[in-house]
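Taking the numbering used here, the leading residue of the sequence shown gets 12, the next gets one more, and so forth. All C-beta atoms in this analysis are idealised placements derived from N, C-alpha and C, irrespective of residue type, glycine included. The model shown is predicted, which means the values in this text are computed figures rather than measured ones. Accompanying notes for the structure given below.
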Amino acid sequence: MSVHGIGVDLLHVPRLVALIKRRGSVKLASRILSPREQQAFHALELHSSREKQPRLDTLTRFLGVRYAFLVVGSCPVMYHLFPCLARWAVKEAAYKALYPFRPTWKELTYTTFDSQNGTKPTLAFDPRSTLGMGPWALHVSVSHDGDYIFASVFAETRT
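Written out as structure tokens, the structure is:
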């Protein structure tokens, strides 16, 4: 394998939360989430509209964390929006790592760390994507602290 590229993104959470307040979370989700991610997002949103808190097992699988509502730095974030924030940063980093190839937001699916079976976070192409047929191995890391989410993507080509 050889290195194709490295991409990073630093997301200032209050900036994206302001965008969500102006345009709505459903609109943002439909713009940036893959079909698989959208299903999980809508399941979380449905729980939040019916209950004060979602079923913890659903939330844990999608967020990869064990808490139901978040305060990211100085910015309160509804629990079902955090996946959009992390995925925004991951997909921005992937776009930079894969240049000059330009995947769309919806062609990439990010899955979080799963503590139950020990799987690492992954980033994969949607099976319908033409770029997904390419010789890619994508490695991803995400961290958050205060008002920021940091994502890095390392892209390798299999030769």
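Where the beta strand (DSSP E) through S152 begins and ends: Here the question's residue 152 lines up with position 141 in the sequence shown. Run containing S152: W147 to D156, per the beta strand (DSSP E) assignment.
CA-to-CA distance, T123 to K131, given in whole angstroms: Position 120 of the sequence shown, counted from the start, is the residue given in the question as residue 131. Position 112 of the sequence shown, counted from the start, is the residue given in the question as residue 123. Approximately 7 angstroms, taken between the alpha carbons.
Outcome for P94 when other beta-carbon atoms lying within 10 angstroms are tallied against a minimum of 16: Position 83 of the sequence shown, counted from the start, is the residue given in the question as residue 94. It is buried - the Cβ of P94 has at least 16 other Cβ atoms within 10 Å.
Delimiting residues of the beta strand (DSSP E) encompassing L119: Indexing the sequence shown from 1 puts residue 119 at position 108. Note, L119: beta strand (DSSP E), L119 to T122.
Helix, strand or coil at F161 according to DSSP, with G and I counted as helix: To locate residue 161, count along the sequence shown from 1; it is residue 150. Here F161 sits in strand by DSSP.
Whole-number beta carbon distance between A108 and I160, since they are thought to touch under 8 angstroms: As a working mapping, residue 160 is identified with position 149 in the sequence shown. As a working mapping, residue 108 is identified with position 97 in the sequence shown. A Cβ-Cβ separation of about 17 angstroms leaves I160 out of contact with A108 under the 8 angstroms criterion.
Residues near T133 by beta carbon distance below 6 angstroms, same chain, minus five either side: Stepping through the sequence shown from its first residue, residue 133 is reached at position 122. Cβ neighbours of T133 beyond the five flanking positions: T122.
Nearest to W99 (by Cα), restricted to the options R47, V24, F165 and H53: Taking the first residue of the sequence shown as 1, we reach residue 99 at position 88. Comparing alpha carbon positions, the residue from R47, V24, F165 and H53 closest to W99 is V24.
L44 (DSSP reduced to helix, strand or coil): For the purposes of this step, residue 44 is identified with residue 33 of the sequence shown, where counting begins at 1. Annotated three-state conformation of L44 is coil, per DSSP.
Nearest to D137 (by Cα), restricted to the options N128, E118, S152 and W147: The residue labelled residue 137 in the question sits at position 126 within the sequence shown. When only C-alpha atoms are compared, the closest one is E118.
Identity of the residue in R26, M12, Y106 and E48 nearest D158 by Cα: Taking the sequence shown and counting its residues from 1, one reaches residue 158 at position 147. That would be R26, whose Cα lies nearest to the Cα of D158.
Exposed unless 16 or more other CB atoms sit within 10 angstroms - verdict on V37: Stepping through the sequence shown from its first residue, residue 37 is reached at position 26. Classification for V37: exposed.
Helix, strand or coil at F52 [DSSP, three-state]: Start at 1 with the first residue of the sequence shown, and residue 52 comes out as number 41. When secondary structure is reduced to three states using DSSP, F52 falls in the helix class.
Nearest-angstrom beta carbon gap, A104 and V14 [assumed within contact, 8 angstroms]: For the purposes of this step, residue 14 is taken as the residue at position 3 of the sequence shown. For the purposes of this step, residue 104 is taken as the residue at position 93 of the sequence shown. Not a contact, Cβ separation roughly 15 angstroms.
Residue nearest to E167 in terms of C-alpha spacing, selected from P46, L149, V153 and S154: One-based indexing of the sequence shown puts residue 167 at position 156. Answer by Cα proximity: L149.
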